[in-house]
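With the sequence shown counted from 1, adding 13 to any position gets you this note's numbering. Virtual Cβ for every residue (Gly too), placed ideally from N, Cα, C. Bear in mind the structure is a predicted one, so any value in this text is a computation, not a measurement. Beneath this line is the structure, given in structure tokens, with notes to follow.
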Amino acid sequence: MTLGIIACSSDDNKQSNEFEIVTLEINTIVNSYMSGAGQENIGQENKVVTDLTELEALIDRIDYIKYGNDTIVELLENADIDFEREMIIAVFDEVKNHGGYSIDITKVEEHEKEILVTIERLHRGDLTAHFTQPLHIVKISKINKPVVFVEID
Numbered sequence: 014m015t016l017g018i019i020a021c022s023s024d025d026n027k028q029s030n031e032f033e034i035v036t037l038e039i040n041t042i043v044n045s046y047m048s049g050a051g052q053e054n055i056g057q058e059n060k061v062v063t064d065l066t067e068l069e070a071l072i073d074r075i076d077y078i079k080y081g082n083d084t085i086v087e088l089l090e091n092a093d094i095d096f097e098r099e100m101i102i103a104v105f106d107e108v109k110n111h112g113g114y115s116i117d118i119t120k121v122e123e124h125e126k127e128i129l130v131t132i133e134r135l136h137r138g139d140l141t142a143h144f145t146q147p148l149h150i151v152k153i154s155k156i157n158k159p160v161v162f163v164e165i166d
């Protein structure tokens, strides 16, 4: 008598080790523009703020000239941020010769090895004849991974 054993396997039984990308909730603190014509000495830059000391330094830079940025400063000073569980992402565009421009954080995703922040410019400006510098500052869940910024035209 011959005994045969056949083993079968199904793809449904395989364990996946692939990381599933997670879209993080974005809570806007301020999406506006600075009016100091660049006197704040904040260039086109992206910033991650992970503690109160870094936030205070950012507020000091924005409040440098006290020219039209009072609302932004007030929103940042009054923002409810728990740095144990949250962090701030701030993006600043270059100084524009006209108003009506924006810079926008449109998506934040957690990938296996990094946090990916998508930046777009949803409003293309030329509405008013004064210097502006668009900014968008948000809070997201604090995750201990490098933050990578990607701009979409």
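In DSSP terms, what V43 is bridged to
Here residue 43 refers to the residue found at position 30 when the sequence shown is read from its first residue. In DSSP, V43 forms a bridge with I150.
Beta-carbon separation of I133 and I153 under 7 Å?
As a position in the sequence shown, residue 133 is number 120, starting the count at 1. As a position in the sequence shown, residue 153 is number 140, starting the count at 1. It is Glu, not Ile, that sits at residue 133 in the sequence shown. No; because the gap between Cβ atoms is not below 7 Å, this pair is not in contact.
Quick check: the Cα distance between E87 and G56, rounded to an integer number of angstroms?
Mapped onto the sequence shown, residue 87 falls at position 74. Mapped onto the sequence shown, residue 56 falls at position 43. The straight-line gap from Cα to Cα measures roughly 21 Å.
DSSP state of T15, grouped into three classes?
For the purposes of this step, residue 15 is identified with residue 2 of the sequence shown, where counting begins at 1. In this prediction, T15 scores a pLDDT of 47, lower than 50, which makes its location untrustworthy; the coordinate-derived value is nonetheless stated afterwards. T15 sits in coil when the DSSP states are folded into three classes, being neither helix nor strand.
In whole angstroms, give me the CA-to-CA distance for L148 and N59.
The residue you call residue 148 lines up with position 135 of the sequence shown. The residue you call residue 59 lines up with position 46 of the sequence shown. Cα-Cα distance, rounded: 10 Å.
For D83, count the other beta carbons within 10 Å of its own beta carbon; 16 or more makes it buried, fewer makes it exposed. Which is it?
Within the sequence shown, residue 83 is the residue found at index 70, counting from 1. Looking at its Cβ environment, which holds fewer than 16 other Cβ atoms inside 10 Å, D83 is exposed.
Near E127, which residues of its chain fall below 8 Å by C-beta distance, leaving aside the five closest residues on each side in sequence?
Numbered from 1 along the sequence shown, position 114 holds the residue referred to as residue 127. Same-chain partners within the cutoff: K158, P159, V160, V161.
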